[in-house]
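Q: Chains as they are written, first to last, in the numbering used here: chain R, 377 to 649; chain D, 377 to 649.
From the three backbone atoms N, C-alpha and C, an ideal C-beta is built for every residue, glycine too.
One structure coming up, written as structure tokens, with questions to follow.
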């Protein structure tokens, strides 16, 4: 069955690359923002929505975390990890020596800083709203280049001058597919949860981690986000190995529930990272 | 003794407000970026540098955390918490009913979303590089307003139309003062540390938190940041109550050192939050 898959657009974005890698046969629909993707799933315009949740260099996408904690009832149904490769792109016929300006999103400039300093020390860097918009804007300018991905190069008929120009070869982004339901158990799953405490929270976090440790459940991730009410009070997000219906994990979740305030199970899904 | 205090400028920024609150008699020097403040301390241009580290709504300032973890040998010498109050400002003689555009930093718009929807639903919002630049730009435009702080209003001779227009009254930012040395023990101190693991990290974090718990040391904060080498591998940042020279904390730090990789003590300083 083909599915409708919403993603953070525009076309040519890294999120579109992730959507193609996730399901090349799906009908893919771009939305202009992360909350836009979420609303599309909630309104049944699409079956699933793919949003970035964590990058290996920048860290968590806090916007997505806060949305899962506070605003949405959607569940994490799946995950996918996309390697991020930046490329120097230009319109056809442009030579590297003629480049006077480079367009891209500021984060892409930051991730290609050493390449730019070594290869193009004299050029002017101009910020775009997205890497995809930067590539789209190249048009017929023979003195401009853009930093973007190969999907954008394909869409906007740009040429690749240099590929994989990112400073750090370990640049990957993890995306999650949000849906009305999470996934059934596959035997190799992960469960994401979040919770807060009414009292002094980091000390109680140790107690919760003790429940997990006692059962021999592997803890894949710990993250904290402000509860937005008081400095020093947090929501904690844990990724636990196993499915929420596994006997061991189910009883651990029940124990955690007795200790914390506002436990929210964000979903169980096949482990792919 | 008056000190030279570097801060994240420009004048009229929230960081300048924090600098004034921290030490109104200091010679205060603005720098254009967080690394600029750090370099100024390292080059002895200023004695201390004040940088934001955490906001009660947005969460950690990851740029500052990564700099402390990876790039700087400076220590946290002190902390200060600044309440963030946004105000609607205009040039003299402007009336609220005449406002057609509002200038500010996108984060300030986000934090005043409900106010803007209720009070100024028809205006155009235009992004500025900083709230201070937005106020500076008001000049003689009788149809424009800006969202900024009272210090900017004072500097740029702007009038206050509405004050404390932020949606969330619990909006505070914690700043740290970085210096070549940390502080001496006062009896009410906090110590910030960071570390990573060579192996499966979140499970080992539980062991480290056990050392802290066993000694009855209060854990004020837990935070994770990517180690930038591999997805799912983290640096952990802990804030512990006590001074690193306190007997109990010193022995706990020694125990932690035996368990982790790359323990970095970021500094002991008087607890003010």
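CB-CB under 7 Å to residue 422(R), same chain, minus the five flanking residues each way: which ones, in chain order?
A: 380, 381, 382, 405, 416
Q: Would residue 455(D) and residue 627(D) qualify as a contact pair, given that the criterion is a beta-carbon distance under 9 Å?
A: no
Q: Taking a cut of 7 Å between CB atoms, which residues from the stretch 590 to 623 of chain R lie near chain B?
A: Given the protein chain composition of this structure (R and D), no chain B is represented.
Q: Could you give the DSSP three-state label for residue 530(D): helix, strand or coil?
A: helix
Q: Assuming residue 380(D) is part of the beta strand (DSSP E), what are its boundary residues?
A: 380 to 384
Q: Taking C-beta to C-beta, are residue 619(R) and residue 589(R) nearer than 9 Å?
A: no
Q: To which residues does DSSP link residue 428(D) through a beta bridge?
A: Its beta-bridge partners are 551(D).
Q: Just to confirm the assignment: which complete beta strand (DSSP E) runs, minimum length 3, are found wholly within the stretch 439 to 490 of chain R?
A: 451 to 459, 463 to 466, 477 to 480
Q: For residue 484(D), collect the residues of the same chain with a Cβ closer than 6 Å to its Cβ; drop the 5 residues on either side in sequence, then sort them by chain order.
A: 462, 507, 523
Q: Between residue 576(R) and chain D, is the shortest Cβ-Cβ distance under 9 Å, so that the two count as touching?
A: So, interface residue.
Q: Strictly under 9 Å for the Cβ-Cβ distance: is residue 550(D) near chain R by that measure?
A: yes
Q: So residue 554(R) and residue 414(R) are in contact, right, with Cβ under 8 Å, and what is the actual spacing, rounded?
A: 6 Å
Q: Could you tell me the alpha carbon to alpha carbon distance between residue 516(D) and residue 468(D), rounded to whole angstroms?
A: 8 Å
Q: Rank 429(R), 396(R), 398(R) by C-alpha distance to the C-alpha of residue 411(R) and give the top, closest one.
A: When only C-alpha atoms are compared, the closest one is 429(R).
Q: Nearest to residue 637(R) by CA position, among 597(R), 608(R), 574(R), 474(R), is which residue?
A: 574(R)
Q: For residue 680(R), count neighbouring C-beta atoms within 10 Å of its own C-beta (all shown protein chains included) and say buried if the count is 16 or more, exposed if not.
A: The structure shown has nothing for residue 680(R), since chain R only spans 377 to 649.
Q: Over what stretch of residues does the beta strand (DSSP E) that includes residue 507(D) continue unbroken?
A: Run containing residue 507(D): none in the beta strand (DSSP E); it sits in the alpha helix (DSSP H), 507 to 512.
Q: Under the rule that 16 or more other beta-carbon atoms within 10 Å means buried, what is residue 536(D), buried or exposed?
A: exposed
Q: Quick check: residue 615(R) and residue 583(R), are their CB atoms within less than 9 Å of each other?
A: no
Q: In terms of alpha-carbon separation, which member of 569(R), 407(R), 466(R), 613(R) lies closest to residue 510(R)?
A: 466(R)
Q: Could you list which residues in chain D have their beta carbon closer than 7 Å to that of residue 564(R), in chain order?
A: Those do not exist, as residue 564(R) stays about 15 Å from chain D at its closest Cβ, beyond 7 Å.
Q: Report the option in 450(R), 424(R), 387(R) whose CA atom is closest to the CA atom of residue 640(R).
A: Per the Cα distances, 450(R).
Q: For a test of the three-state rule: what should DSSP assign to residue 607(D), helix, strand or coil?
A: Correct three-state label for residue 607(D): coil.
Q: Identify whether residue 497(R) lies in helix, strand or coil by the three-state DSSP scheme.
A: coil
Q: In the DSSP assignment, what residue or residues form a beta bridge with residue 597(R)?
A: Within the DSSP secondary-structure output, residue 597(R) pairs in a beta bridge with 615(R).
Q: Pull up the distance between the alpha-carbon of residue 576(R) and that of residue 594(D), whole angstroms please.
A: 9 Å
Q: DSSP state of residue 568(D), grouped into three classes?
A: strand
Q: Which residues, in order along the stretch 455 to 471 of chain R, keep a beta-carbon less than 9 Å from a beta-carbon of chain D?
A: 457
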